[in-house]
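Colleague:
Numbering (this note's numbering), first residue to last: 3 to 281.
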């Protein structure tokens, strides 16, 4: 009974945190006064902007896009604004937390671009078009620490027979399945269908789930608040290219964006300053 109450309490705390975060985003965006008006996650009124405006789905996370006080920030957000300015083409940002829904809208043509924690793996490249890489990242295991600071999984071999959670439609599945073959034992996979990596992290914190696999940069940013509770030191993959995602066949737009990515990277000071700000 205590375990059940603990899980309910954890879920309640998580959903309250999500609700507060959503309300903060709505309040801040009303006061921004600019043309960037992200839609709420799961909104039914997603529609194409039209004209020369590019509709960009951007993941609400500590790395891609976030709000703090009266400031909008995030590596993908800042970099995309630089690209937009250089291209002379406006972008409308739509904040999303559900990767699968964002991909559905990308397939429908509602979004022109998806920016978030979506590594450019071989399997993903068969379904989508990717820009040049914007930074490197890798996947790590999120797990709770015990009272003495120890962890249940001390090496990848310890994942044998255990269940890990990933975001639905995430390329993380490809990596976990490969790891399962490498260790010669089954790693069970469960998917989070409604939320993103930040919420998976919080579910581990609250004890609702035991293990999650998310990108390293997000994991380490979130772990700063829970250093005594959560461990994110176990790598699940090598470093991988992180790129933005377009619908297959949208090669002209991809080429234009790649030209700007190359130009921004060529300005080593500006690019390194941006990376240093977030990493």
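Idealized CB from N, CA, C, for every residue including glycine.
(1) Given a cut-off of 8 angstroms, decide if residue 60 and residue 51 are closer than it, judged by their beta-carbon atoms.
(2) With distances taken from CA atoms, which of 87, 117 and 144 is nearest residue 101?
(3) Just to confirm the assignment, what range does the beta strand (DSSP E) spanning residue 159 have?
(4) Please report how far the alpha carbon of residue 85 lies from the alpha carbon of residue 269, in whole angstroms.
(5) Within the chosen definition, does the stretch 178-185 reach the stretch 151-163 through at least 3 CB pairs nearer than 8 angstroms?
(6) Under 8 angstroms, with one C-beta from each stretch per pair, do the stretch 69-80 and the stretch 221-240 reach the 3-pair mark?
(7) I need the DSSP call for residue 85, collapsed to helix, strand or coil.
(8) Please report the distance separating the alpha-carbon of residue 267 from that of residue 135.
(9) Given a threshold of 16 other Cβ atoms within 10 Å of its Cβ, counted over all protein chains shown, does residue 98 qualify as buried or as exposed?
(10) Below 7 angstroms CB to CB, which residues in the same chain sit around residue 36 once its five sequence neighbours on both sides are set aside?
(11) Could you give the distance in angstroms between the alpha-carbon of residue 278 and the alpha-carbon of residue 73?
(12) Classify residue 275 as buried or exposed, calling it buried when 16 or more other Cβ atoms lie within 10 Å of its own Cβ.
(13) Check residue 199 in the structure and name its three-state DSSP category.
(14) Could you give the residue range of the beta strand (DSSP E) that holds residue 254?
(15) Using a Cβ-Cβ cut-off of 8 angstroms (strictly less than) and excluding sequence neighbours within five positions of residue 273, which residues of its own chain qualify?
(16) Is it right to say residue 271 is buried, meaning 16 or more other beta carbons lie within 10 angstroms of its own, or is it exposed?
(17) Just to check my reading of the structure: residue 211 and residue 167 have Cβ atoms closer than 8 angstroms, yes? What is that Cβ distance to the nearest angstrom?
(18) Look at residue 194 and residue 125 and say whether their C-beta atoms are less than 8 angstroms apart.
(19) With respect to the alpha helix (DSSP H) encompassing residue 294, which residues constitute its N-terminal and C-terminal limits?
(20) From the DSSP output, read off the bridge partner residues of residue 96.
(21) Just tell me which of 169, 132, 217 and 53 has its CA closest to the CA of residue 250.
(22) Look at the Cβ atom of residue 89, then the Cβ atom of residue 258, and state whether they are nearer than 8 angstroms.
(23) When the Cα atoms are used, what is the spatial distance from residue 110 to residue 253?
Modeller: Result, derived from the coordinates:
(1) Residue 51 sits at position 49 when you count from the first residue of the chain shown. Residue 60 sits at position 58 when you count from the first residue of the chain shown. Not in contact: residue 51 and residue 60 (Cβ atoms no closer than 8 angstroms).
(2) In the chain shown, counting from the first residue as 1, residue 101 sits at position 99. Cα-wise, what sits closest to residue 101 is 117.
(3) Along the chain shown, one-based indexing puts residue 159 at 157. Annotation for residue 159: no beta strand (DSSP E) segment contains it, and DSSP assigns it neither H nor E.
(4) Stepping through the chain shown from its first residue, residue 85 is reached at position 83. Stepping through the chain shown from its first residue, residue 269 is reached at position 267. Going by the C-alpha atoms only, they are around 13 angstroms apart.
(5) They touch, by the three-pair rule.
(6) No, the stretch 69-80 does not touch the stretch 221-240.
(7) In the chain shown, the residue the question calls residue 85 occupies position 83. If DSSP states are grouped into helix, strand and coil, residue 85 belongs with the helices.
(8) Taking the chain shown and counting its residues from 1, the one referred to as residue 267 is at position 265. Taking the chain shown and counting its residues from 1, the one referred to as residue 135 is at position 133. Distance from the CA atom of residue 267 to the CA atom of residue 135, rounded to whole angstroms, is 10 angstroms.
(9) For the purposes of this step, residue 98 is identified with residue 96 of the chain shown, where counting begins at 1. Counting the other Cβ atoms within 10 Å of the Cβ of residue 98 gives 16 or more, which makes it buried.
(10) Taking the first residue of the chain shown as position 1, residue 36 is located at position 34. With a pLDDT of 34 at residue 36, under the threshold of 50, the modelled position of this residue cannot be trusted; read the value that follows with caution. Excluding positions up to five away in sequence, the list is empty.
(11) By one-based count along the chain shown, residue 278 stands at place 276. By one-based count along the chain shown, residue 73 stands at place 71. Residue 278 and residue 73 have their alpha carbons spaced roughly 18 angstroms apart.
(12) Position 273 of the chain shown holds residue 275. Classification of residue 275: exposed, given that the 10 Å Cβ count is below 16.
(13) To locate residue 199, count along the chain shown from 1; it is residue 197. Here residue 199 sits in helix by DSSP.
(14) Within the chain shown, numbered from 1, the residue matching residue 254 stands at position 252. Where residue 254 is concerned, there is no enclosing beta strand (DSSP E), although the alpha helix (DSSP H) it sits in stretches over 253-268.
(15) For the purposes of this step, residue 273 is taken as residue 271 along the chain shown, with counting starting at 1. Only 266 and 267 meet the Cβ criterion.
(16) Indexing the chain shown from 1 puts residue 271 at position 269. Looking at its Cβ environment, which holds fewer than 16 other Cβ atoms inside 10 Å, residue 271 is exposed.
(17) By 1-based counting over the chain shown, the position of residue 211 is 209. By 1-based counting over the chain shown, the position of residue 167 is 165. So it is a contact: roughly 5 angstroms between Cβ atoms.
(18) Your numbering for residue 194 matches position 192 in the chain shown. Your numbering for residue 125 matches position 123 in the chain shown. No, they are not a contact pair.
(19) Residue 294 falls outside the range modelled here, since the chain spans only 3 to 281, and no answer is possible.
(20) Counted from its first residue, the chain shown places residue 96 at position 94. Beta-bridge pairing by DSSP links residue 96 to 59.
(21) Mapped onto the chain shown, residue 250 falls at position 248. The residue with the shortest Cα to Cα distance from residue 250 is 132.
(22) For the purposes of this step, residue 89 is taken as residue 87 along the chain shown, with counting starting at 1. For the purposes of this step, residue 258 is taken as residue 256 along the chain shown, with counting starting at 1. Yes. Within cutoff.
(23) Counting from 1 along the chain shown, the entry for residue 110 is found at position 108. Counting from 1 along the chain shown, the entry for residue 253 is found at position 251. Each residue's alpha carbon lies about 16 angstroms from the other.
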